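Each residue of the sequence shown is one higher than the last, beginning at 0 in numbering that gives the first Met the number 0.
Idealized CB from N, CA, C, for every residue including glycine.
The structure displayed is predicted, hence computed values, not measured ones.
Okay, so here's the structure we're looking at.
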Amino acid sequence: MLSYKHTNTILPVLWGEAKRGDFDDLDKAFTQLFLTIGKYKLNTQYTPPYLCTFSAIRMEFIAFDNAITSFLYRSDIDFSITPSNHNTEGFKHALDAFKAMCKPNKFVFDFKTQSEECKEFIKNILNSSHLNKIQIDKNNFVTIYQKWLYAVKHTINMPNWELAKAKGILDADYYLADLLSDGDKTIIEKLQTILSSSHYELKRGLNDLGVMDLMRVDFTDGQQAHKEFWSVYERPPKLEFQTFILERRDLLVPSDVRERKGAFFTPKIWVEKSQECLAMSLGQDYQDDYIIWDCTGGTGNLLRGLLNKANLYLSTLDSNDVAIVKELAATNQLNLLENHVFQFDFLNDDFLSAKVPKSLQEILKDKEKRKKLIIYINPPYAEASTTATRSGTGSNKPKVAVTTFFTKNKSELGSAGRELFAQFFMRIFHAHLQRVERLCHGEFFNAQIP
């Protein structure tokens with residue numbers, strides 16, 4: 000493993016696998032190297048521009064490009080096997096995959112006849128002054144965020160991050176503004192926090208004149224740490240990773256905020272299973288026959304797979320998630336209408352407030368239309384007290400359960416009101432919504448509410 004000193008970190012130049020003597024099958028050596036990288040998840044850290052294998056006979060190189068990245072993401076490759084055991088079925092399968100995908104792209108140098116060419120290749124291609132920047136993908140964007148917290152966050156002129164968090168201003172959104180930029184400006188204008196060359200701008204909503212009110216946030220060091228940090232990375236990430244990163248914003252959000260807002264990603268297997276259950280309960284044409292509202296929508300993955308966008312609504316507490324979902328809808332990454340996506344606090348806001356689309360309000364006001372409305376959610380699970388609290392090892396979170404709905408109905412809710420999901424279901428009941436669909440403990444419940 001060769002590395003070099005970059006501006007503010009140590010970066011790898013080359014990862015390799017060496018074989019003794021006249022070992023002739025360097026495809027096996029490459030496969031062993033790939034399995035080692037995948038086994039220890041080295042691809043989630045800084046990665047080099049080239050990989051190599053060599054023996055006493057020759058040396059081979061391959062660029063660490065999208066083909067390698069794709070190989071390391073393949074679900075049919077078993078990265079738990081012992082990389083050095085070339086006799087297992089898992090290794091043989093990985094070897095075949097490598098040969099099919101990567102072999103044509105190798106640079107091969109025979110030491111007897113091409114030693115000078117090999118030296119020239121190393122000198123010209125692997126010289127640190129010519130190295131490519133680090134690519135950002137779905138496996139390393141969280142790791143890079145952790146490094147960003149250490150290197151950049153403290154230089155952003157935000158005196159009290161805890162107070163900012165309470166107002167929905169998160170460091171994660173500054174990071175996304177940086178990450179999803181061309182190096183100078185954020186490329187996704189719908190985001191609530193954007194990088195604008197030498198500073199950030201936070202969108203605070205429309206003012207009395209109907210114009211977007213912006214708050215400027217500067218750097219405390221003239222942007223020096225910011226520029227040094229991002230000089231290592233290629234921005235923006237490739238398009239296929241941009242969508243994934245936006246959808247998985249929850250991985251960057253603090254756990255206490257995720258619990259309160261329900262900002263947890265619902266795994267694909269449960270999304271698919273719940274939609275199978277909807278079809279079983281309501282019939283195969285349920286997407287045409289019913290209106291579906293995910294009122295704890297996050298970044299929208301629970302609605303993936305549903306096709307009739309005219310019958311879908313998504314609301315979420317976090318305005319940054321609203322911006323992300325609207326961007327995904329506008330670019331056809333999510334099958335939603337932008338005007339069906341809105342910021343709404345289900346436990347505090349009025350159903351007939353201006354926040355709610357008129358078309359959905361008409362459904363909520365009409366008893367017969369409500370019979371065709373499905374509330375389809377993976378609700379927040381935050382609780383004011385936990386097992387740790389009751390055992391004396393934790394602390395209460397009293398503000399978690401204090402909502403407008405709880406205040407009005409605390410006698411009816413009783414101790415169950417400590418659970419946010421209980422408040423959600425009780426409010427649905429109070430609103431006389433006809434049907435609640437939820438997946439719970441592996442079984443599907445279809446609760447008819449009179």
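Approximately 6 Å separates the beta-carbon atoms of N156 and V216; this is inside 8 Å, confirming the contact. Residue nearest to Q145 within the set V340, E116 and T43 is T43 (criterion: CA-CA distance).
Within its own chain, the residues whose Cβ lies closer than 6 Å to the Cβ of H85, once the five positions on either side in sequence are excluded, are K27, listed in chain order. If you compare the alpha carbons of F78, K18, L419 and S83 with that of T52, the shortest gap goes to K18. Restricting attention to alpha helix (DSSP H) runs no shorter than 4 residues, the segment 189 to 246 encloses them at 223 to 229 and 238 to 246, ordered along the chain. Per DSSP, the continuous alpha helix (DSSP H) segment holding Y174 begins and ends at D170 to L178. Secondary structure at M157: coil, using DSSP grouped into helix, strand and coil. Close CB contacts of A163 within its chain, under the 6 Å cut and outside five residues either way in sequence, are with M157 (chain order). With fewer than 16 other CB atoms across the displayed protein chains lying within 10 angstroms of its CB, Q283 is exposed. Taking C-beta separations shorter than 7 Å and ignoring five residues to either side along the sequence, the partners of G416 in its chain run A400, F405, K409 and Q422, following chain order. Inside the segment 274 to 358, DSSP marks whole beta strand (DSSP E) runs of 3 or more residues at positions 290 to 293, 311 to 315 and 340 to 342, from first to last along the chain. In this structure, the alpha-carbon of E233 lies about 5 Å from that of K132. The continuous beta strand (DSSP E) containing D109 extends over residues F106 to D109. Ranked by Cα distance from F120, the options F60, L169, V141 and T154 are led by F60. When the beta-carbon positions are compared, L34 and A93 come within less than 8 Å of each other.
Sorting A165, F29, D212 and Q360 by C-alpha distance to the C-alpha of A430 places Q360 at the top.
At a Cβ-Cβ threshold of 8 Å, N319 and D170 do not count as neighbours. The C-beta separation of K354 from F341 comes to about 6 Å, placing the pair in contact by the 8 Å criterion. Q134 sits away from T242, with the two beta carbons spaced by 8 Å or more. In this structure, DSSP gives G15 an extended state, which the three-state scheme calls strand. Distance check between E367 and each of I290, T219 and Q31 places I290 closest, using alpha-carbon atoms only. Of the candidates E275, N139 and F345, F345 places its Cα closest to the Cα of D293. Per DSSP, reduced to three states, the secondary structure at I9 is strand. Taking the CA atoms as reference points, K4 sits about 29 Å from S195.
Across the structure, Y375 and Y312 are spaced so that their CA atoms are roughly 10 Å apart.
The way I'd put it, the segment 267 to 277 does touch the segment 303 to 310; three or more beta-carbon pairs between them come closer than 8 Å. With at least 16 other beta carbons inside 10 angstroms of its own, Q31 counts as buried. Annotation for S83: Q31 place their beta carbon closer than 8 Å to its own, counting only its chain and skipping 5 residues before and after. A check of alpha carbon separations from L213 across I193, F228, D220 and T219 identifies I193 as the nearest.
Taking D109 as reference, the option from P103, C101 and K118 with the minimal CA-CA separation is K118. Take the alpha-carbon of L316 and the one of K122: they are about 55 Å apart.
P235 places its beta carbon less than 8 Å from that of L179. Taking 3 residues as the shortest admissible run, the segment 51 to 99 contains the following complete beta strand (DSSP E) segments, listed from N- to C-terminal end: 57 to 62. Residue pairing by DSSP places S2 opposite P11 in a beta bridge. For L34, the enclosing alpha helix (DSSP H) covers residues L25 to K38. For L251, the CB contacts under 6 Å within the same chain, skipping 5 residues up- and downstream, are Y144 and A171 in chain order.
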